[in-house]
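Residue numbers (our numbering): 4 to 298.
Here is the structure:
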């Protein structure tokens, strides 16, 4: 069993670090929120006071962080993972976009360390249950070394050796997830306004060609009951879609629909705040259409 580092043990990182402990590994961890580290300490994790302190103890350090700027600072900034004396490999589980992944890889390479671009998809439920999709880009020898640890989190997909490839895969997925939520909200608002029962319409769609992750999971769990608590923040979804559209446009790939999804998330964030659940997109359509999508 290995001694592994973990920086960022909040809503996603906490369950993933906990699964590593349950798999028999020892964890040294850091988070800015004491409540997050307390839960891991209760399971036997060693808690330290900085990302550098983690990287001074563990050869392989995982990071699960909220924004690209935070990832860059934690990886390359003062008292960061890059300054650690022991760390050889940093595995970034965050969603940063390929630009930051490349910058972190280059910055750590200058310090003799390897960066693994490793975003995950599947939400808190997947992190707890070990059913995440784990996307990886890094040198093949490094992948062979870390794959057993990554399998603790879910199904692993090697996307290639080029830094940022896994980030591109993650952004594509998150754009499609947000897009299905937006278009389902529009269609459901139309159906309810016309007089259809929301649950009946969802049931019809789920055995028809219009079904998606939104109709099969998000609407039944968080919109039809009116709880709007699926578990993914509007601000994070907006960040991911904005990154995706920006990266695509920089590559010369038009994002006509993607830009519209970005605008819908901007509206949702403006109305309900970045900490609201991203299923609140449906609340925007409810307000605009003058209906409630319940069932």
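The beta carbon of each residue, even a glycine, is placed where N, CA and C say it ideally should be.
Check: Going by other Cβ atoms of all chains shown within 10 Å of its Cβ, with 16 needed for buried, is residue 218 buried or exposed?
Finding: buried
Next item on the list: If I'm right that residue 136 touches residue 157 with Cβ under 8 Å, what's the distance once you round it to whole angstroms?
Entry: 6 Å
Note to self: Buried or exposed for residue 154, going by 16 or more other Cβ atoms inside 10 Å?
What the structure shows: exposed
Next item on the list: Would you kindly work out how many angstroms separate the C-alpha atoms of residue 56 and residue 76, rounded to a whole number?
Entry: When only Cα atoms are considered, residue 56 and residue 76 end up about 15 Å apart.
Notebook entry, point to check: Mind checking whether residue 294 and residue 226 have CB atoms under 8 Å apart?
Noted result: no
Item checked: Residue of 49, 26, 29 and 28 minimising C-alpha distance to residue 37 -> Checking every option, the nearest Cα to that of residue 37 belongs to 49.
Next item on the list: Just grab the DSSP bridge partners of residue 58 for me.
Entry: Per DSSP, none; premise fails for residue 58.
Checklist line | Inter-residue Cα distance where the pair is residue 46 and residue 146 | finding: 28 Å
Note to self: Given this structure, state the Cα-to-Cα distance separating residue 267 from residue 99, to the nearest angstrom.
What the structure shows: 21 Å
Margin query: Just to confirm the assignment, what range does the alpha helix (DSSP H) spanning residue 187 have?
Written below: Where residue 187 is concerned, the enclosing alpha helix (DSSP H) stretches over 168-197.
Margin query: Based on DSSP bridge pairs, tell me the residues matched to residue 139.
Written below: 161
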